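Here's the structure we're looking at; comments come further down.
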Amino acid sequence: MMIRIGKAEDNDYVANDLHVSRYHARLSREKDGSLMLEDLGSTNGTYVNGAQIVKKRISPADTIILGNGYALDIRHVLHSDNDYSDQFLLLKEIYARYIEQKVKIQSSNQFKTRLFQTLPFVIPGIIGLFIGMTNKDNPALFGVSLLITICIPTIGIYLAARQSSKIPQQLQDISNQFKIDYVCPKCGTFLGEIPWESLAKRKQCHACKAKWIKA
Ligand SMILES: [Zn+2]
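Here the working numbering is used: the first residue of the sequence shown is 185, the next is one more, and so on.
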């Protein structure tokens with residue numbers, strides 16, 4: 185977490201006061217969970233409980249003054265935390281898994297579809313050949329062989345068609361889940377089928393300005 189505080193509009197917390205510098209201070213959270221306030225070389229200084237500081241561990245109960253009297257409510261500042269980089273990082277895995285699943289479904293369906301289309305023609309061919317070779321003079325068996333040769337490919341074509349019609353449904357399911365999961369961690373806007381790396385280059389959400397990549 186890193187909250188930039190100052191008069192400039194592009195701070196995370198805008199402190200609109202004559203004596204506050206454009207980029208006055210920043211508040212961050214240490215690894216142990218404590219809060220660190222740091223003055224960014226402001227013109228009029230930063231004060232914690234009356235003493236000027238450069239960098240100091242603080243608690244939300246401390247009295248913080250920026251410049252000549254701008255009181256900073258740390259609880260309020262913490263609400264302006266706009267750093268979503270930890271949550272954004274989790275999206276990397278979601279995108280990779282989605283693409284992986286999609287490719288898997290597509291290639292396994294291609295294989296099954298081909299199998300259903302090919303085998304029914306190959307098997308009756310072999311059976312027909314076998315029956316023809318061993319029972320040359322039996323018209324009843326010739327009829328059976330003809331039936332097999334016509335019926336089984338029809339079933340094969342039907343199965344292949346059914347198999348390929350499953351693709352849109354399976355893809356639809358993972359695509360629906362992807363639309364729920366691959367969203368801006370702050371505002372929930374779906375990020376589209378855009379690779380995580382490309383989004384990371386944007387650094388922040390176009391819609392809500394949440395920070396995706398730490399500055
Ligand atoms: Zn957003």
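Don't be surprised by glycine CBs; every beta carbon is placed ideally from N, CA and C.
Please read all numbers here as calculations on a predicted model, not as lab measurements.
Neighbourhood of residue i by C-beta distance below 6 angstroms, restricted to the same chain and skipping five residues each side
i: V238; result: D223
i: R259; result: P244
i: E285; result: Note on residue identity: the sequence assigns Gln, not Glu, to residue 285. Hits under 6 angstroms: I358.
i: D203; result: One point to set straight first is that residue 203 is His, not Asp, in the sequence displayed. Result list for H203: N228, G251, N252, in chain order.
Other residues of its chain near residue i: CB distance less than 8 angstroms, five sequence neighbours each side excluded
i: M220; result: L211, S212, R213, E214, K239, K240, R241, I242
Given residue i as reference, the closest of the options once Cα atoms are compared
i: V232; options: T247, L299, S226, T302; result: T247
i: V261; options: I189, H390, K395, E377; result: I189
i: G225; options: H263, S218, D201, L250; result: L250
i: G339; options: G253, F305, K385, G229; result: Note that residue 339 is Ile in the sequence shown, not Gly. Nearest C-alpha to I339: F305.
i: P352; options: R386, N293, G376; result: N293
i: S205; options: I397, G253, G312, G234; result: G253
i: M186; options: Q236, F295, D267, D365; result: D267
i: C368; options: S382, M317, H390, N360; result: H390
i: R386; options: K191, S269, T318; result: S269
i: L256; options: S291, K191, I283, Y282; result: K191
Burial state of residue i, where buried means 16 or more other Cβ atoms lie within 10 Å
i: P379; result: exposed
i: Q388; result: buried
i: P308; result: buried
i: V287; result: exposed
i: I315; result: buried
i: K398; result: exposed
i: A209; result: buried
i: T230; result: buried
Beta-carbon contacts of residue i that lie in its chain and below 7 angstroms, excluding the five residues immediately before and after
i: S218; result: R241
i: L343; result: F300
Assumed close pair residue i, residue j - CB separation to whole angstroms, cut-off 8 angstroms
i: K363; j: C392; result: K363 to C392, Cβ: 18 angstroms. No contact.
i: Y207; j: S264; result: Not quite, the Cβ-Cβ distance comes to about 15 angstroms (not below 8 angstroms), so this is no contact.
i: L355; j: I310; result: At roughly 35 angstroms, the Cβ-Cβ gap does not stay under 8 angstroms, so L355 and I310 are not in contact.
i: F272; j: W396; result: 4 angstroms
Answer yes if the stretch 315-334 comes into contact with the stretch 263-280, meaning at least three C-beta pairs across the two stretches below 8 angstroms, and no otherwise.
no
Measuring CB atoms only, is the stretch 342-349 touching the stretch 286-305, in the sense that at least three cross pairs come out at less than 8 angstroms?
yes
Chain-ordered list of residues that sit, by beta carbon, closer than 7 angstroms to a heavy atom of ligand 3
No copy of ligand 3 appears in this structure; the ligands present are ligand 1.
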